[in-house]
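Quick note: the sequence shown uses my numbering, first residue 165, plus one each step.
No residue lacks a Cβ here, since even glycine has one placed at the ideal position from N, Cα and C.
Please read these numbers as outputs of a predicted model, since none were measured by experiment.
As structure tokens, the structure follows; a few thoughts come after it.
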Amino acid sequence: MTQDEMKKAVGWAALSYVQPGTIIGVGTGSTVNCFIDALASIKDQIKAAVSSSEASTERLKALGITVMDLNDVDSFDLYVDGADEINPQMEMIKGGGAALTREKIVAAVARQFVCIVDSGKVVETMGRFPLPVEVIPMSREYVARELKKLGGNPVYRAGVLTDNGNQILDVHGLHISNAKQLESQINNIVGVVTVGLFAHRGADVALVGSPEGVKTVTR
């Protein structure tokens with residue numbers, strides 16, 4: 165299978181985790197778009213979706229799927245999202261699409277997190293993909309200096325504003341051996357909204373697309 169075919173395969177495979185009559189948390193990105201397209205085939209069987217980005221919200225609504233505000237939802241069973249990298253501990257780097265903060269919030273509410281990726285996103289040690297950090301604009305250079313102290317090379321993602329009106333620093337050159345510790349360290353820097361490390365709340369299930377088909381990995 166091509167990469168696009170792998171993305172489509174895992175998007176459709178995630179439908180098996182959707183229970184009728186429930187609210188579904190939906191992430192952001194090209195692989196998630198395949199899941200949204202698949203979800204449209206059973207839209208009459210679900211109650212609604214909660215979205216992690218304006219882009220996903222628009223796609224869901226265009227396909228006739230009701231989107232609810234997270235503030236109106238106490239909890240829901242399932243969150244489906246992609247990742248830029250995922251390791252064997254089911255920890256992830258996310259934020260290539262600049263939706264990391266809303267993704268982390270939606271993931272925190274969901275009882276189960278199903279990560280859908282192609283096999284190229286599976287790594288032993290994270291850090292090859294630059295680590296996104298969402299920052300308050302006035303804090304960007306201060307945060308960058310603090311990130312350098314942690315051994316990274318932060319680069320401003322010019323011309324990009326998050327749905328929250330903030331900016332992104334992409335941190336290059338990291339070799340992430342303790343993702344939970346690094347997530348806490350970066351989140352504690354004043355001016356950081358959140359870091360794109362999903363370690364404290366990692367995935368519960370990973371559906372990995374490969375040329376041989378979809379592989380299911382669990383904790």
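Spell out the partners DSSP gives residue i in its beta bridges.
i: MET290; result: ILE340
i: PRO375; result: Its beta-bridge partners do not exist; DSSP assigns none.
i: VAL273; result: For VAL273, which the question treats as bridged, DSSP gives no partner whatsoever.
i: PHE362; result: MET256
i: CYS279; result: ASP245, ALA370
i: ILE187; result: ALA212
i: THR382; result: VAL369
i: VAL231; result: ALA213
i: ILE250; result: MET256, VAL286
Give the single residue among the options whose Cα lies nearest to the Cα of residue i.
i: GLN276; options: GLY284, MET254, PRO296, THR289; result: MET254
i: GLY193; options: ALA178, SER205, CYS279, GLY261; result: GLY261
i: VAL324; options: ALA177, VAL297, GLU310; result: VAL297
i: VAL357; options: SER303, VAL369, SER374; result: SER303
i: ASP238; options: ALA272, GLY259, LEU224; result: ALA272
i: GLY246; options: THR326, HIS336, CYS198; result: CYS198
i: LEU224; options: THR166, LEU203, VAL244, GLY337; result: LEU203
i: THR382; options: LYS312, CYS279, PRO184, SER216; result: CYS279
i: LEU314; options: GLN349, ASP168, LYS172, LYS344; result: GLN349
i: ARG231; options: VAL214, LEU361, ARG266, ASN330; result: Reading off the sequence, residue 231 comes out as Val, not Arg. Comparing Cα positions, the closest option is VAL214.
i: SER283; options: THR186, ALA367, ALA274, GLU376; result: GLU376
i: ASN330; options: VAL270, THR265, ASN235; result: THR265
i: ALA263; options: LYS285, PRO301, VAL286, VAL190; result: VAL190
i: ALA322; options: ARG309, PRO301, GLU310, LEU311; result: PRO301
What are the start and end residues of the beta strand (DSSP E) that includes residue i?
i: LEU242; result: 240 to 245
i: GLY284; result: No beta strand (DSSP E) contains GLY284, which DSSP labels as neither H nor E.
Please return the same chain residues whose Cβ sits closer than 7 Å to the Cβ of residue i, not counting the five positions on each side in sequence.
i: ILE340; result: THR289, MET290, GLY291, LEU346
i: ASN351; result: THR358, VAL359
i: VAL299; result: VAL307, ASN330, GLN331, LEU333, GLY355, VAL356, VAL357
Tell me which residue opens and which closes the alpha helix (DSSP H) that residue i is part of.
i: SER216; result: Counting along the chain, SER216 falls outside any alpha helix (DSSP H), and DSSP gives it neither H nor E.
i: GLY175; result: 167 to 177
i: VAL196; result: 194 to 203
With a CB to CB cut of under 6 Å and the five nearest residues on each side skipped, what residues in its chain are close to residue i?
i: TRP176; result: ALA202
i: ASP233; result: none
i: LYS268; result: THR358
i: GLY366; result: MET254, GLU255
Can you tell me whether residue i sits near the ligand PLP, meaning its C-beta is under 7 Å from at least one heavy atom of the ligand?
i: LEU311; result: With respect to the ligand PLP, the structure offers nothing, as it holds no ligand at all.
Kindly list the residues whose CB is nearer than 8 Å to the CB of residue i, restricted to its own chain and excluding five residues on each side of it in sequence; keep chain order.
i: GLY316; result: LEU295, VAL335, HIS336, GLY337, LEU338
i: GLU218; result: ASP327
Enumerate, from N- to C-terminal direction, the unbroken alpha helix (DSSP H) stretches of 4 or more residues contained entirely within the stretch 290 to 337.
-> 304 to 313
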